[in-house]
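Contents: one structure, followed by commentary.
2 protein chains.
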Amino acid sequence: MNPNVWLIGAGPGDPELLTLKAVKALGQADVVLVDDLVNPLVLDYCAQARLVYVGKRGGCRSTPQAFIQRLILRYARLGLRVARLKGGDPCIFGRGGEEAQWLTDHGVSCEIINGITAGLAAATACGIPLTQRGMAQGVTLITAHSQDGTMPDWTGLARSGTTLVVYMGVAKLHDMSSQLLAAGMAADTPVAMIERASLASQRECRSTLAAMTRDAAAFQLQSPAVLVIGRVAACQVFGAADAPVPAYAEPALRLSA
Amino acid sequence: MNPNVWLIGAGPGDPELLTLKAVKALGQADVVLVDDLVNPLVLDYCAQARLVYVGKRGGCRSTPQAFIQRLILRYARLGLRVARLKGGDPCIFGRGGEEAQWLTDHGVSCEIINGITAGLAAATACGIPLTQRGMAQGVTLITAHSQDGTMPDWTGLARSGTTLVVYMGVAKLHDMSSQLLAAGMAADTPVAMIERASLASQRECRSTLAAMTRDAAAFQLQSPAVLVIGRVAACQVFGAADAPVPAYAEPALRLSA
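Next comes the structure, spelled out in C-alpha cells:
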C-alpha cells in the first residue's frame, strides 16, 4: 500500500545529503509542508508540489503543531500525496513519531523517511569521529532541555563514557557546562560547537567544558548549532582545507530510472 | 581540492537510503573497497569501478584493518579515485575516523560521506520514535562491548534517561540484560530486536529487558541486528502493514545533472 503521507528528513542542510528515497518522494508529492530548518535549495526536488511553509518565519511564532497535523490530514483526505519535510531526521528531536501516531490514529497511512541527523553530519563535517575506539564508548544525542521542562540526567551522561552531541543548546551553554562539571566531568573535556553544519557558511569553535560559555560568546555562536562534548571533540581526522563544501554552483542532481 | 579517497556510508541496506552525495561519488570512483555489511544492490551505483571485497566472507576471517588501509593508500597513490564503502555511517562504529586519520597522516586527502546509521534506520522501519517526548531524553548509540574489551558504564546509561540503541549485541544479550537490571533498569523495560533493518527480509522481535535473552533465542535472532532498549521500544507509530519495503523490482534510480 502506498502511503498517503511521507514524513521526510531533509538532512542537515547540504542538499546532496538527501537520500534517494527522499528525493523520489519529494518528486511525487502534490503538496510539501516545509519546516523552517530546511535549506531552500532542497526544495528544487519538489518538482510539482505546492509548497506550504509551516515553520517560524521572520520572528513570527511557530505554526502550532496541532494546526500542522490538521493541515496534513486535510490534504491527505483530499487525495493529495503529502510530504512533510523536516530538517535532519524526523525521529531525532523532530516530532516525527508524534505526527505518524496522530495520522495513524486518524486512519491515514504514512511512511517515515530517514535523514542524516544534524549532530552526526556536524561532527563528520569537522572531522570529529564520534565513536572513535579508545576515546568513546558510543554517542548520545540529546537536547539541553526537553519541551516538558525536564533536564537530562547529566550525572548519568557524564558517567556513560559516550560522546555527547547536544541539539538546540545555544541558549543553555552555561547550564550545561555547570551541570556537567558538577557531575564530575573534567574541566578540560574538549568541546566543539558547530554552526550551520554541512553548509558553505558552516563555522566551528573548539573549546573546553570550562571555557565553552565564554568562547561561544566571543565567537558569537548562533542557532542552529550542535555541540560535541567528549575526548573526540579535540580531533580533526582530516585537514580543514579538505572539509567538504557543497558545490552549489553545480546543477542539482536529478533522479531517473 | 578534490579528495583522493571517499569514505562512504552505504546506509543500513535499502539502496534508496543512500545519499545523493554517496551515489555521485560511487559513480566517479575507479575502485571501490566494499565491506561485508554492504547490500550488493548498492554496488549498482559503481558504474565504472573495480570492486574489491575487504570484509568477512563465508566464514573467513576479516581482512586486517592495516591491510585495508595500505590498499587504499596504494590505489590513491596510483592516482585512482578510491571509494571505501561501509555499512551504515563511516563514523558510527565504522572506523571511518581511524582510516581518515591514517590517510591524512600519509598525505592523502579524504572526504567522509555520511550514511543513515543502522540503529536509526532500524527504529524508523519498525515505527519506533527514538526520542519521543515524555518517553526519552535522547538516544544513545552504543556497542555491547568495545574492541579494547572494556564495557560501557551500564549504570550511567541506565540513569541517563535516553533510549539505548545497541549495535553488534546479539552475542551479548545475557550480559547486557543482567548488567542493566543490576544497574536498576526496570525488568519490564521494553526491548525491540531488529534483524536486517530496512531490507525486505527485516524481522523484529519485541520483548522486555528481563525476557530478551529467552525471546531472542526462541526467535532465532541472527546478526546483524540492532537492539532498542527503553520505553519507546513498545511503540509502533504506524501500522505494520504500512512499513516501508524496498521495491527492488524497480530499476535503480540514476543521477543526472
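For the protein sequence lines, the chains are A and B, in the order given. Those letters in the first sequence? Residues 1 to 257, by my numbering. Those letters in the second sequence? Residues 258 to 514, by my numbering. All C-beta atoms in this analysis are idealised placements derived from N, C-alpha and C, irrespective of residue type, glycine included.
The beta-carbon of residue 494 of chain B is placed less than 7 Å from the nearest beta-carbon of chain A. Per the DSSP secondary-structure output, residue 310 of chain B pairs in a beta bridge with B:291. One thing to note: residue 476 of chain B has its Cβ no nearer than 7 Å to the Cβ of residue 492 of chain B. Taking C-beta atoms under 8 Å as the contact rule, residue 161 of chain A and residue 137 of chain A qualify, at a distance of about 4 Å. About 21 Å separates the Cβ atoms of residue 407 of chain B and residue 396 of chain B, ruling out a contact at the 8 Å cut-off. Contact check between the stretch 62-69 of chain A and the stretch 7-20 of chain A: fewer than three CB pairs, one atom from each, fall below 8 Å, which does not count as touching. Under the DSSP assignment, residue 17 of chain A falls outside any beta strand (DSSP E); it carries neither an H nor an E label. As computed with DSSP, residue 112 of chain A is found in a beta bridge with A:7.
With contacts defined as CB atoms closer than 7 Å, residue 337 of chain B and residue 291 of chain B fail to qualify as a contacting pair. If you compare the alpha carbons of B:440, B:512, B:373, B:356 with that of residue 366 of chain B, the shortest gap goes to B:356. Under the three-state reduction of DSSP, residue 225 of chain A is assigned to strand. Contact check for residue 83 of chain A and residue 39 of chain A: beta-carbon distance about 15 Å, past the 8 Å limit, so the pair fails to qualify.
When the beta-carbon positions are compared, residue 374 of chain B and residue 399 of chain B stay at least 7 Å from each other. Taken through DSSP and simplified to helix, strand or coil, residue 176 of chain A comes out as helix. Sequence-ordered contacts of the stretch 76-100 of chain A with chain B read 89, 90, 91, 92, 93, 94, 95, 96, 97, 98, 99, 100 [C-beta pairs closer than 9 Å]. For the stretch 36-51 of chain A, no residue has a beta-carbon sitting nearer than 7 Å to a beta-carbon of chain B. Interface with chain B (7 Å Cβ-Cβ cutoff): residue 72 of chain A is excluded. In this chain, the alpha helix (DSSP H) harbouring residue 214 of chain A covers 212-219. Assignment of residue 203 of chain A by DSSP, reduced to helix, strand and coil, places it in the strand class. In terms of beta-carbon proximity, residue 435 of chain B stays away from the interface with chain A, with every pair separated by 7 Å or more. Using a CB distance cut-off of 7 Å, residue 159 of chain A counts as an interface residue toward chain B. Taking the C-beta atoms as reference points, residue 210 of chain A is found no nearer than 7 Å to residue 182 of chain A.
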